[in-house]
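Take a look at the structure below.
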Amino acid sequence: MGSIALAEVWDKTQTAPTQNLGTLLSQSASQHANRTALVSLHQHSRDKEGGTPPISWTYAQLHEASLGLAHQLSANGVAPGSRIGTILFNQLEWALMFWATAHLGCQFIGIDYRAVSHKDHARDLLESVLCDVIVASNNKLALAVDEALGQKAPIKHRYVVESSQTPGWKTLAELSENATENVTKPMVSPNHPEETAVIFFTSGTTGTSKACPHSAVTLYSVARGLSKAHFITRDHTICQHLPGFHIFSVVYSLTAWLQGASLVFPNPTFDADCSIRAIQQSRNVVLPCVPLMIQAIARSPIRPPRFETLETVTIGGSTVFPELLELCASLGPKRLAAGYGMSESLVVTTHNQKTEDALTGREDVCLGTAVSGACIRICQPGSRTLLSRGEIGEVHLGGLPVFGGYLGLEHESCYREDGANFVVSGDQGYLDEQGRLYVLGRYKDLIIRGGENISPSKIERVLSHETGITAQVIGVPDTVAGEAIVAIIRRDSGIELSHDELRNIVSKSLGP
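Per our numbering, residue 11 is the first one in the sequence shown, and the count goes up by one each step.
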C-alpha cells in the first residue's frame, strides 16, 4: 500500500517581484502605450466634432495624467509612505488615484462608500488607518467623513471629485489648475516591493472590520497567477463592475493593467443592465462576479440568450454551488472559473475550465489547486496539524499572496512557518488526491441546534435553487434549542453581507 498524501499543496512556479508597484505600472504603460487602458462608459468628454463619447484613455494617457497628479500631490506635501484614503465609485478618478499613489510610494486605501453612512463604524474604520489624504467621489461622502471624524481630525488633505460644496475640501481639478512645468517627468518611488502598497478592509458595514496591508509582492503574485490561469492577454477586456474598495476588484484591475488589457467601468456602482451593455460593446470579455451579480445579470429582461463576446466568467466571494456554475454557463461564456481567496490572502486557487467541462454534476465545486505562489493546507480545526487528502478540516493559506498580519493588531489566525506568511481561514474544506481544493463553508457559521451541526450553506443552496432568489441562512440564539435557523431573503444585487453581519443585524433586531 502507498502512503497517504498529506493535505498540503504549494505552487512553486511563481516568484516574488523585485520591483515596486509604481515601477511595474510604469513599465506596463511604456510597453502598451497606445493600447486602451481604461474605458468609463458612464463618464463622457466632448470631442472635436462636438459629441460626448465615453471616456477612453490609453496607457500613455493614464500614465501621464497619474504622474501629473502624483507630482502635484507631492508638491502639496504628500510624502512617500503617506496613507491615501479613497471613497470612490468606479470612475476614471479611481484609476488615477491608484496609479498616482503607486508612483508616490504611498499606501492606497479603499474605503467602502456604504460604510461612511454609519457614523460610528466610519469613525472606527477611519481612525484605524489615520489617513493623511482623503479623496471622495462627491460632497455627500465628504460630509459623512466630516460628521464621523470632525473637521479637526489629523487629515492633512481632503479632496472631492466634483465641485466642492463642503468647507475644508478642495477639488482634484484645483491640483491640475496649479500645475507647474515638468509634472509628467518620471517619478521613482522609494518603496521596496515588500512594503505596504494598499490597505483593504475585511467585510463589514455594521461589524468590526480589520485592515489588511498588502504589498507589491502579494498583488503582483496574484495578478501574474490570474493572467496565467485565466489566459488573460492584452486582447482581453475586464468588465470591472466590482466595487473599488473590494480586493477582488483590485487584483483583476491590476491583472488587466500588467497584461496591457482594457478595463471597462460600466457604471459608478453595480447595475446589471449596465454590465450587460458593457459586455455587448466589448470584446474577449472576462467577467469577475460575486454570486448576486450573476443572478442579477441572468434575471435581467435585457440579457441576450447568449453573450457572443463573453470569454470567461469567474466567480468568487462566496461558497460556490453547481447550480451557480450552471447559471454562469447560461450566459454563454467559453470558459468558467471558480476561485478562492480572502482579504488576507487574495486569490490563492482558481479552476478555469471550458464551460462544458465545468458542469460535471458533482455536489462539491472544485476550486482548483494552488496558484500565485500560494500554499494550501488542511489542518485539524484549532491546530496546525496536517490532515490527509480527502479529510475535512480547516483551510490554512500561505505563501506569496498572504499578508503579514492585520494593521495594528496581533491575531492568532496569523503566523509564519517555513519562511512564509500563513493565515487560518476559518473555512471548512478538503483537498482531493490531485491537490484540488473544495470549500464547504465557514466553521463559525455552523448552526448548532439541539446538539446537531447544521450547515447553513446547504440550506441556502436548496432555497436559492428552488425559489430562484438569493437566501442567506444564519443561526440566532434560542433558549430551547440553542440556536434557531433564520433565512434572510435578498432581492437586491451587489456584494453580499457576510453571515457575521447578518447575524449581528438580526440579533440586534430581536433584542435581548
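Positions of the beta carbon are idealized from the N, C-alpha and C atoms, including for glycine. Please read these numbers as outputs of a predicted model, since none were measured by experiment.
From the DSSP output, which residues share a beta bridge with residue i?
| i | result |
| --- | --- |
| Ala380 | Thr359 |
| Phe118 | Ile94, Val208 |
| Met352 | Leu356 |
| Asp437 | Arg452 |
| Trp267 | None, per the DSSP bridge assignment. |
| Gly254 | In the DSSP output, where bridge partners are listed per residue, Gly254 has none listed. |
| Arg124 | In the DSSP output, where bridge partners are listed per residue, Arg124 has none listed. |
| Glu18 | Arg387 |
| His54 | Pro64 |
Is the Cβ-Cβ distance between residue i and residue j less than 8 Å?
| i | j | result |
| --- | --- | --- |
| Ser76 | His42 | no |
| Val381 | Ala239 | yes |
| Thr319 | Val295 | yes |
| Tyr230 | Pro27 | yes |
| Ala132 | Ala154 | yes |
| Phe523 | Gln101 | Residue 523 cannot be examined here, being either before or after the span of the chain that is shown, 11 to 522. |
| Leu48 | Leu185 | no |
| Ala365 | Lys344 | Rather than Ala, the amino acid found at residue 365 in this sequence is Thr. Cβ atoms of Thr365 and Lys344: closer than 8 Å. |
| Leu98 | Gly254 | yes |
| Val375 | Pro332 | yes |
| Glu321 | His246 | yes |
| Val449 | Leu346 | no |
| Arg316 | Arg45 | no |
| Gln269 | Ile289 | no |
| His8 | Asn362 | Here the chain covers residues 11 to 522 and nothing more, so residue 8 does not appear. |
| His224 | Phe432 | no |
| Asn30 | Ser263 | no |
| Gly436 | Arg452 | yes |
| Leu135 | Phe258 | no |
In terms of residue numbering, what span does the alpha helix (DSSP H) encompassing residue i cover?
| i | result |
| --- | --- |
| Met197 | No alpha helix (DSSP H) contains Met197, which DSSP labels as neither H nor E. |
| Ala282 | 282-291 |
| Thr147 | Checking the sequence shown, residue 147 turns out to be Ser, not Thr. Careful: Ser147 lies outside any alpha helix (DSSP H) and carries neither H nor E. |
| Thr247 | Careful: Thr247 lies outside any alpha helix (DSSP H), inside the beta strand (DSSP E) at 247-249. |
| Cys141 | Looking at the DSSP string, Cys141 is not in any alpha helix (DSSP H), and its letter there is neither H nor E. |
| Pro332 | 332-339 |
| Ser231 | 226-239 |
Can you find the residues in the same chain that come closer than 8 Å, C-beta to C-beta, to residue i, ignoring five residues on each side of it along the sequence?
| i | result |
| --- | --- |
| Val139 | Arg93, Gly95, Ile119, Ile209, Ala221, Leu417 |
| Gly383 | Asp21, Lys22, Thr23, Gln24, Thr25, Ala26, Ser231, Gly235, Gly409, Leu410, Pro411 |
| Cys141 | Arg93, Ile94, Gly95, Ile119, Ile165 |
| Leu16 | Leu396, Leu397, Ser398, Arg399 |
| Ser174 | Asn149, Ala152, Lys180, Thr181 |
Give the single residue among the options whose Cα lies nearest to the Cα of residue i.
| i | options | result |
| --- | --- | --- |
| Thr33 | His73, Leu337, Glu366 | His73 |
| Ala430 | Tyr440, Leu450, Cys385, Gln390 | Cys385 |
| Met107 | Lys129, Ala207, Asn201 | Ala207 |
| Ile312 | Tyr69, Gly439, Arg287, Cys249 | Arg287 |
| Ala306 | Cys338, Phe241, Thr322, Ser328 | Cys338 |
| Ser353 | Val261, Ala368, Arg316, Ile289 | Val261 |
| Ser249 | Gly439, Gly270, Leu264, Ser292 | Per the sequence presented here, residue 249 reads as Cys, with Ser not at that position. For Cys249, the nearest C-alpha among the options comes from Ser292. |
| Val145 | His128, Leu159, Ile121 | Ile121 |
| Thr218 | Thr62, Pro200, Asn86, Leu419 | Leu419 |
| Leu447 | Ala233, Gly436, Tyr350 | Tyr350 |
| Ile304 | Thr329, Cys284, Pro314, Leu334 | Leu334 |
| Ala39 | Asn86, Ser272, Gly327, Glu336 | Ser272 |
| Val330 | Ser340, Pro314, Glu373 | Glu373 |
| Leu297 | Gly327, Ser328, His251, Val170 | His251 |
Identify the continuous beta strand (DSSP E) that holds residue i and give its terminal residues.
| i | result |
| --- | --- |
| His42 | Looking at the DSSP string, His42 is not in any beta strand (DSSP E), and its letter there is neither H nor E. |
| Cys424 | 424-427 |
| Ile65 | 64-68 |
| Ile325 | 320-325 |
| Cys299 | 295-299 |
| Tyr169 | 167-170 |
| Glu526 | With the chain covering 11 to 522 only, the question about residue 526 has no answer from this structure. |
| Ser173 | Counting along the chain, Ser173 falls outside any beta strand (DSSP E), and DSSP gives it neither H nor E. |
Going along the chain, which residues of its own chain have a beta-carbon closer than 6 Å to the beta-carbon of residue i, five neighbours each way excluded?
| i | result |
| --- | --- |
| Val434 | His406, Ser423 |
| His167 | Val143 |
| Gly415 | Cys424 |
| Glu404 | Cys389, Pro391 |
| Val19 | Thr379, Ala380, Ile386, Gly445 |
| Met11 | Confidence at Met11 is low in this model, with a pLDDT of 41, below 50, so the placement of that residue should be treated as unreliable; the coordinate-derived value is given next. Answer for Met11: no residue qualifies. |
Residues in its own chain within less than 7 Å of residue i by CB, not counting five upstream and five downstream?
| i | result |
| --- | --- |
| Ser50 | Pro64, Ile65, Gln101, Leu102, Phe275 |
| Thr477 | The pLDDT assigned to Thr477 is 47, lower than 50, so where the model puts this residue is not dependable; a value taken from the coordinates is nonetheless given after this. Around Thr477: no qualifying Cβ. |
| Leu35 | Trp109, Ala112, Trp267 |
| Val227 | Ala26, Pro27, Pro203, Glu204, Leu410 |
| Ala282 | Ala306, Ile307, Ser310, Ser503 |
| Thr489 | The predicted position of Thr489 is uncertain, since its pLDDT is 49 and thus under 50; no value can be drawn from it. |
| Glu157 | Lys129 |
| Leu84 | For the record, residue 84 in the displayed sequence is Ser; it is not Leu. Within the same chain, Ser84 has close Cβ partners Leu114. |
| Pro522 | Note that Pro522 scores a pLDDT of 42, beneath 50, so its modelled location is shaky and nothing firm can be said. |
| Ala183 | none |
| Ile401 | As written in the sequence, residue 401 is Glu, which differs from the Ile given in the question. Closer than 7 Å at the Cβ level, and outside the excluded window around Glu401, lie Ala17, Ile388, Tyr440. |
Check whether the Cβ of residue i lies closer than 8 Å to any Cβ atom in chain D.
| i | result |
| --- | --- |
| Arg394 | Among the chains of the structure shown, chain D does not appear; only one protein chain is present. |
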